[in-house]
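In UniProt numbering, the protein residues as written are 1 to 68.
Cβ atoms here follow ideal geometry from the backbone N, Cα and C, with glycine treated the same way.
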């Protein structure tokens, strides 16, 4: 069996940036949006949905296949 050891390190700069953006949305933006909604502010569902769609578009193909 052949093992591709370098596939995990291909374009690590993009993978790191993608992980940072995803973590900020999950751990910062969505909780703050929910907290603001509980205080009476508008919850921008469309904007958050658009962000997730853009993230999924740039996500590597192998990860998208796992989400299906």
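Query raised in the report: With residue 30 and residue 48 assumed to form a contact (beta carbons below 8 Å), what rounded beta-carbon distance in angstroms separates them?
Result: Position 30 of the chain shown holds residue 30. Position 48 of the chain shown holds residue 48. Right, the Cβ-Cβ distance comes to about 7 Å (below 8 Å), so this counts as a contact.
Report task. Tell me where the alpha helix (DSSP H) around residue 32 begins and ends. Result -> Sequence index remark: in the chain shown, residue 32 carries index 32 (1-based). Per DSSP, residue 32 belongs to the alpha helix (DSSP H) from 30 to 38.
Report task. Under 7 Å Cβ to Cβ from residue 51, same chain only, skipping five residues before and after it: list those, please. Result -> What you label residue 51 is simply residue 51 of the chain shown in a count that begins at 1. Taken in chain order, the residues that qualify are 25.
**Report entry** Where residue 20 falls: helix, strand or coil (DSSP)
**Finding:** Translated into the one-based positions of the chain shown, residue 20 becomes position 20. The answer is helix: DSSP assigns residue 20 an H, G or I state.
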